[in-house]
Amino acid sequence: MPELPDVEGFRQYIERTSLDQTIEQVEVRDTYVLKGISPKGVARALTGRRFESTRRHGKYLFLRMDNGRHFYIHFGMTGQPVYFKDMADDPRFDRLLITFTNGSHLAYDDQRKLGRIGLTDDPDDFLSEKRIGPDALSLDYEGFTQAFKGHRGAIKPALLNQGIVAGMGNLYADEILYQARIHPLTPIEKLDLRRLFKCMKKVLEAGIEHTVEGKPFPDSYLLSQRGKGKDCPCGGKVESLKIGQRTTYFCPRCQSLP
DNA sequence: AGTACCACCTGACGGC
DNA sequence: TGCCGTCAGGTGGTAC
Numbered sequence: 000m001p002e003l004p005d006v007e008g009f010r011q012y013i014e015r016t017s018l019d020q021t022i023e024q025v026e027v028r029d030t031y032v033l034k035g036i037s038p039k040g041v042a043r044a045l046t047g048r049r050f051e052s053t054r055r056h057g058k059y060l061f062l063r064m065d066n067g068r069h070f071y072i073h074f075g076m077t078g079q080p081v082y083f084k085d086m087a088d089d090p091r092f093d094r095l096l097i098t099f100t101n102g103s104h105l106a107y108d109d110q111r112k113l114g115r116i117g118l119t120d121d122p123d124d125f126l127s128e129k130r131i132g133p134d135a136l137s138l139d140y141e142g143f144t145q146a147f148k149g150h151r152g153a154i155k156p157a158l159l160n161q162g163i164v165a166g167m168g169n170l171y172a173d174e175i176l177y178q179a180r181i182h183p184l185t186p187i188e189k190l191d192l193r194r195l196f197k198c199m200k201k202v203l204e205a206g207i208e209h210t211v212e213g214k215p216f217p218d219s220y221l222l223s224q225r226g227k228g229k230d231c232p233c234g235g236k237v238e239s240l241k242i243g244q245r246t247t248y249f250c251p252r253c254q255s256l257p
């Protein structure tokens with residue numbers, strides 16, 4: 000699930016529920032999700048602290064603690080935060096459980112365990128070490144064109160490359176290309192970056208309104224028609240291709256190669 | 001730099 | 001009902 004709009008939803012959710020409460024206890028239910036730190040290390044780092052602010056960059060979420068250090072989460076394919084008061088609501092795939100002094104809990108729920116949790120002193124250093132590119136939403140057109148400089152090849156895998164622009168995943172990348180009427184195999188140097196940029200913003204913002212406010216996607220979106228052989232609003236049929244190991248859906252009639 | 005392939009992990013689904 | 005392959009909106013490492 001988690002692409003930029005989903006992670007932005009998680010950020011706002013944690014912001015609403017979990018800031019400024021003292022952490023009483025941390026239980027690591029599955030060590031597998033920890034990155035570069037032991038269960039005891041996480042417990043030691045978080046216990047007694049409070050989360051005082053949040054920051055999202057691409058698909059990464061950073062929670063700043065009152066001592067200036069940051070707890071970060073990457074949600075993988077199936078991760079999500081779950082805030083609750085009654086342990087009966089503890090989610091099924093709870094991998095790490097934070098308990099606040101007021102008795103409420105924040106769990107990291109992740110069925111497939113492909114997500115990662117860790118600590119960092121400086122998110123900017125962390126992101127540059129990981130070679131993560133600029134965040135898709137805080138980018139202007141200048142930065143967007145700059146980010147693609149020096150890159151060749153098909154646009155679809157480039158959109159998924161977090162080192163170029165951070166935040167897009169398989170689903171939204173397809174939607175963005177569909178909205179921009181760009182074929183997923185279009186070479187970067189041949190495409191209309193302006194149109195792509197506008198659609199990227201439009202689709203990601205619609206995604207946030209969808210995840211945060213539950214607003215449905217417009218009928219003109221492919222998202223609701225995802226699946227080979229489904230109808231495109233243009234009357235054509237949706238096709239699929241494997242591009243960069245990922246299934247790509249598009250409408251050959253709307254999205255032709257230049 | 002790009003691409004192809006493999007791996008990590010778990011569950012759902014379709015076919016036999 | 002059970003087994004098996006395939007698929008899933010993520011990333012990382014390898015080799016070419």
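Mapping the first sequence onto numbering that gives the first Met the number 0, position 139 (from 1) lands on 138, and the numbers just tick up by one.
By construction, the Cβ of each residue, glycine as well, lies at the ideal position given by its N, Cα and C atoms.
Excluding sequence positions up to five before and after Glu-14, its CB lies within less than 7 Å of the CB of Thr-53, all in the same chain and listed in chain order.
Leu-62 sits close to Phe-50, with the two beta carbons spaced by under 7 Å. Collapsing the DSSP output to three states places Leu-126 in a helix. Minimum Cα-Cα distance from His-56 among the listed residues Tyr-82, Gly-8 and Gln-244 corresponds to Gly-8.
The Cβ neighbour count for Glu-212, taken over all protein chains shown within 10 Å, is under 16; the residue is labelled exposed.
In this structure, the alpha-carbon of Phe-70 lies about 17 Å from that of Arg-28. 7 Å or more divides the Cβ of Arg-43 from the Cβ of His-73. Under the DSSP assignment, Glu-212 falls in the alpha helix (DSSP H) whose first and last residues are 192 to 212. Counted as a single uninterrupted DSSP element, the beta strand (DSSP E) harbouring Val-25 occupies residues 22 to 27. In the assembly as shown, Thr-185 is a buried residue. Its beta-carbon has 16 or more other beta-carbons within 10 Å. Remark: C-beta atoms of Val-41 and Val-25 approach each other more closely than 7 Å. Rounded to whole angstroms, the gap between the alpha carbons of Tyr-177 and Ile-131 is 25 Å.
Leaving aside the five residues that flank Gly-35 on each side, the residues in its chain whose CB is nearer than 7 Å to its CB run, in chain order, Gly-117.
Setting aside the 5 residues that flank it on each side, Arg-48 is surrounded in the same chain by Ile-22, Met-64, Asp-65 and Asn-66, each with a C-beta closer than 7 Å to its C-beta; the list follows chain order. Boundaries of the beta strand (DSSP E) around Asp-108: 104 to 109. Take the alpha-carbon of Lys-241 and the one of Ser-255: they are about 17 Å apart. Apart from sequence neighbours up to five positions away, the residues of its chain that approach Arg-10 with a beta-carbon distance below 7 Å are Thr-53, Arg-55 and Leu-60, ordered along the chain. Between Glu-208 and Lys-201, the C-beta spacing is not below 7 Å. Lys-58 sits buried, since 16 or more C-beta atoms from the chains shown fall within 10 Å of its C-beta. Under the three-state reduction of DSSP output, Phe-216 falls in the coil class, being neither helix nor strand. Taking 8 Å as the upper bound for CB-CB distance, Ala-135 and Gly-166 are in contact here, some 4 Å apart. Unbroken alpha helix (DSSP H) stretches of 4 residues or longer found wholly inside the stretch 12 to 79: 38 to 45, given in chain order. Counting C-beta pairs closer than 8 Å gives three or more between the stretch 188 to 200 and the stretch 135 to 148, which meets the contact rule. The three-state secondary structure of Pro-4, taken from DSSP, is helix.
Membership of Leu-95 in the beta strand (DSSP E) is indicated by the continuous run 93 to 99.
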